[in-house]
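*Asks:* What follows is a single structure, and I will ask about it in a moment.
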Amino acid sequence: MNTAASPILLGTWSFSLAAIEAAWPLLGGSKDDLLEALQAACRHADLDPEVDSVGFGGLPDASGRMSLDGGIMLSPLQFAGVCGLRRHLHPVDVARLIMERTEHTLLCGEDADDFADRHGIPSADLIAPEAEAAWKGWRDRGGRDVVDQSTDAGLRNLRPVDPGLGTSAGGRLFRPGDDSETKEGPAPVGHDTIGVLARDAAGTMAAACSTSGLPFKVPGRIGDSPIAGHGFFVEPGVGQATATGTGELISGISASMVAVETLRRGGSLRDAVQETLQRVEDLGDLRPHHQVGIIVMDHEGRFATGGFRPGFLIAVRDAEGGRLLEPDLVLRPQDDGPPESATDGFAKSVPPPSD
Ligand code: SD4
Numbered sequence: 000m001n002t003a004a005s006p007i008l009l010g011t012w013s014f015s016l017a018a019i020e021a022a023w024p025l026l027g028g029s030k031d032d033l034l035e036a037l038q039a040a041c042r043h044a045d046l047d048p049e050v051d052s053v054g055f056g057g058l059p060d061a062s063g064r065m066s067l068d069g070g071i072m073l074s075p076l077q078f079a080g081v082c083g084l085r086r087h088l089h090p091v092d093v094a095r096l097i098m099e100r101t102e103h104t105l106l107c108g109e110d111a112d113d114f115a116d117r118h119g120i121p122s123a124d125l126i127a128p129e130a131e132a133a134w135k136g137w138r139d140r141g142g143r144d145v146v147d148q149s150t151d152a153g154l155r156n157l158r159p160v161d162p163g164l165g166t167s168a169g170g171r172l173f174r175p176g177d178d179s180e181t182k183e184g185p186a187p188v189g190h191d192t193i194g195v196l197a198r199d200a201a202g203t204m205a206a207a208c209s210t211s212g213l214p215f216k217v218p219g220r221i222g223d224s225p226i227a228g229h230g231f232f233v234e235p236g237v238g239q240a241t242a243t244g245t246g247e248l249i250s251g252i253s254a255s256m257v258a259v260e261t262l263r264r265g266g267s268l269r270d271a272v273q274e275t276l277q278r279v280e281d282l283g284d285l286r287p288h289h290q291v292g293i294i295v296m297d298h299e300g301r302f303a304t305g306g307f308r309p310g311f312l313i314a315v316r317d318a319e320g321g322r323l324l325e326p327d328l329v330l331r332p333q334d335d336g337p338p339e340s341a342t343d344g345f346a347k348s349v350p351p352p353s354d
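For the sequence shown, position 35 matches number 34 in numbering that gives the first Met the number 0, and the numbering has no gaps at all.
Spelled out as C-alpha cells, the structure:
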C-alpha cells in the first residue's frame with residue numbers, strides 16, 4: 000500500500016518504467032498536461048520495438064496484420080477508446096481525438112483509421128521485423144488454433160511473467176516459440192498492455208491504455224484495453240484503476256469498474272484489489288496462462304496493486320523518483336513461475352493464410 004501524495008504516474012509491467020519516466024516532465028498543472036503525459040507514456044511504449052505487447056514491437060493477429068487498441072479517460076463523461084487500428088501506431092492519441100472532437104466514446108477498425116487520417120495523424124508501418132518473424136515462425140509451426148497446438152506452436156508458457164528490468168528478456172513478456180532461456184529460467188511469454196494512471200499536483204486524475212492485444216488473436220478480436228470500466232476507469236473524487244492481463248477475464252468482470260466501485264462504496268484500496276481478484280477467482284474455469292494485474296488509486300493519490308498470480312510488476316514515478324514494485328497482494332501465490340503447460344489455448348485463432 001502506498002501513501003504517496005500527488006503528483007504521480009503508475010504503469011503496468013516493468014517496461015512502463017521508461018515510459019512514465021519520459022512522461023514525468025510533462026505532468027504540469029493543467030488537464031492538457033495530464034493528458035499529454037499519458038499520451039507520451041503510451042507513445043513511448045508504442046515506439047519501443049523491444050516491448051512485444053504494445054505498438055510497433057507488438058505481435059500481430061493470426062493473419063499477420065497488426066491491430067492496436069487503446070483508450071483514455073478523465074471521467075465517465077470524458078473518455079474514449081479506439082480499437083482495431085491497422086495503420087496508426089498510437090491508439091491513445093486517436094482516442095483523445097475521439098474524446099475531444101466527437102460526442103462518441105468508441106470507434107473501431109478502418110473507420111477509426113480514416114478518422115485518424117482526417118485529423119492529421121500520420122499513418123505508420125505497425126509491424127516490427129522481429130514481430131513479423133515471430134508470426135512467420137508461429138505460422139510455419141502450424142499455428143492456427145492454440146487450443147490444439149499449444150505445444151507444437153511453442154506456446155507452452157502462456158502466462159505473462161515479468162522478468163523485471165536488466166534481464167536479457169528486456170521488455171519482452173511475450174516471446175512465442177522462443178525456447179531460449181533467460182538467467183531467471185525459461186523465456187517468459189504472455190500478453191500485456193501498458194496501462195497508466197496519472198494524478199497531477201492539482202489532484203486531477205486520468206488513465207490510459209495502449210495494447211496490441213493478444214498475439215495471433217482472431218482478426219477482429221478486441222480485448223479490455225479500449226473499453227472504459229474494463230481496462231481503465233476513472234471516477235473523479237473517488238479513484239481510478241487500470242487492469243492488464245487476459246482481456247476476456249478483465250472484461251468479464253468489468254475489472255476496473257469493480258475496483259473503483261469498491262472504493263466508492265467505502266472499501267479500502269486493498270479491498271478494491273482483493274474484490275477485483277476474487278471476482279476473477281470466482282469466474283472458475285481458469286487456465287494456467289490466465290493472469291490479471293490491477294492497479295487502483297484513490298483520489299488522494301494513494302494506491303494499491305495486485306496480481307491474480309505471481310509475475311506482475313508495477314512501475315511508479317513520483318517526486319521520489321522511479322521504481323518498480325511487487326504487487327501488494329497476489330491472490331494465488333502458489334501459482335509461481337510460468338505454467339508447466341497450457342493445454343488450453345487463449346486465442347482460438349483461425350488458420351493463417353498461406354503464402
Ligand atoms: C487484451 N488486456 O487485449 C489486453 C492486452 C493484454 O495485458 O494482454 N493486456 O487482452
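We treat Cβ as the ideally placed atom computed from N, Cα and C, and that holds for glycine.
1) Tell me whether residue 355, by its Cβ, gets closer than 7 Å to a heavy atom of ligand 1.
2) Out of 277, 324, 18 and 69, which one is the CA nearest neighbour of residue 161?
3) Would you kindly work out how many angstroms separate the C-alpha atoms of residue 271 and residue 261, rounded to a whole number?
4) Tell me the residue span of the beta strand (DSSP E) that contains residue 213.
5) Looking at ligand 1, does it come within less than 7 Å of residue 73, judged from the CB to the closest heavy atom?
6) Tell me, which residues are paired with residue 239 by DSSP?
7) To the nearest whole angstrom, what separates the beta carbons of residue 73 and residue 205, a pair I think is in contact under 8 Å?
8) Kindly indicate which three-state DSSP category residue 74 falls into: helix, strand or coil?
9) Determine the extent of the alpha helix (DSSP H) in which residue 252 is found, giving its start and end residues.
10) Does DSSP put residue 98 in a helix, a strand or coil?
11) Can you check whether the CB of residue 289 is closer than 8 Å to the CB of residue 255?
12) From the DSSP output, read off the bridge partner residues of residue 204.
13) So, does the stretch 214-227 touch the stretch 282-300, judging by three or more C-beta pairs under 8 Å?
14) Confirm the yes/no value for this check: CB of residue 213, any heavy atom of ligand 1, distance under 7 Å.
15) Give the secondary structure of residue 123 by DSSP, where H, G and I count as helix, E and B as strand, and everything else as coil.
16) Using a threshold of 7 Å, is the CB atom of residue 230 nearer than that to any non-hydrogen atom of ligand 1?
17) Does the beta carbon of residue 69 fall short of 7 Å from some heavy atom of ligand 1?
18) If you check the beta carbons only, do residue 7 and residue 327 fall under 8 Å apart?
19) Using beta-carbon positions only, say whether residue 237 and residue 259 come within less than 8 Å of one another.
20) So does residue 246 have its beta carbon nearer than 7 Å to some heavy atom of ligand 1?
21) Taking the beta strand (DSSP E) that residue 217 belongs to, which residues open and close that run?
22) By DSSP's criteria, residue 11 is part of a beta bridge. Which residues make up the other side?
23) If distances are taken between C-alpha atoms only, which option among 335, 58, 39 and 315 comes closest to residue 16?
24) Which residues does DSSP pair with residue 68 in a beta bridge?
25) Within 10 angstroms of its Cβ, does residue 333 collect 16 or more other Cβ (buried), or is it exposed?
26) Applying the criterion that 16 or more other CB atoms from any shown protein chain within 10 Å of the CB defines a buried residue, is residue 201 buried or exposed?
27) Of the residues 278, 264 and 267, which one's Cα is nearest the Cα of residue 248?
28) Decide if the stretch 54-65 is in contact with the stretch 127-139; the criterion is three or more beta carbon pairs, one per stretch, under 8 Å apart.
29) Do you know whose CA, among 265, 244 and 263, lies nearest residue 312's CA?
30) Which residues in the same chain as residue 83 place their Cβ atom closer than 6 Å to its Cβ, once the five residues preceding and following it in sequence are excluded?
31) Shorter than 7 Å, the distance from the beta carbon of residue 241 to the closest heavy atom of ligand 1, or not?
32) What is the DSSP secondary structure of residue 320, counted as helix, strand or coil?
*Replies:* So, to answer that:
1) This structure gives no information on residue 355, because the portion of the chain shown stretches from 0 to 354.
2) Scanning 277, 324, 18 and 69 for the CA closest to the CA of residue 161 turns up 324.
3) In this structure, the CA atom of residue 271 is about 5 Å from the CA atom of residue 261.
4) Counting along the chain, residue 213 sits inside no beta strand (DSSP E), nor does DSSP assign it H or E at all.
5) Not one heavy atom of ligand 1 sits closer than 7 Å to the Cβ of residue 73.
6) In DSSP, residue 239 forms a bridge with 233 and 296.
7) About 5 Å separates the two Cβ atoms, so the contact holds.
8) The DSSP-derived three-state label of residue 74 is strand.
9) Per DSSP, residue 252 belongs to the alpha helix (DSSP H) from 246-252.
10) Reduced to three states, the DSSP call for residue 98 is helix.
11) No, the Cβ-Cβ distance between residue 255 and residue 289 is not below 8 Å.
12) Checking the DSSP bridge columns, you'll see residue 204 partnered with 198.
13) No, the stretch 214-227 does not touch the stretch 282-300.
14) Closer than 7 Å to some heavy atom of ligand 1: that describes the Cβ of residue 213.
15) It is coil, neither helix nor strand.
16) True, at least one ligand heavy atom lies under 7 Å from that Cβ.
17) Outside the cutoff, so no.
18) In this structure, the beta-carbon distance from residue 7 to residue 327 does not fall below 8 Å.
19) Cβ distance < 8 Å, so residue 237 and residue 259 count as in contact.
20) Yes, since a heavy atom of ligand 1 falls inside the 7 Å radius drawn around the Cβ of residue 246.
21) Unbroken run through residue 217: none, as it is neither H nor E.
22) Paired residue(s): 313.
23) Nearest of 335, 58, 39 and 315 to residue 16, Cα basis: 315.
24) Looking at the DSSP output, residue 68 sits in a beta bridge with 210.
25) Result: exposed.
26) The residue in question, residue 201, is exposed, as its Cβ has fewer than 16 Cβ neighbours within 10 Å.
27) It is 278 whose Cα lies nearest to the Cα of residue 248.
28) As far as the Cβ criterion goes, the stretch 54-65 touches the stretch 127-139, which means the pair count is three or higher.
29) Ranked by how close their Cα comes to the Cα of residue 312, the residues 265, 244 and 263 have 244 in first place.
30) Cβ neighbours of residue 83 within its own chain (closer than 6 Å, five residues either side excluded): 66, 107 and 108.
31) No, the beta carbon of residue 241 sits no closer than 7 Å to any heavy atom of ligand 1.
32) Strand at residue 320.
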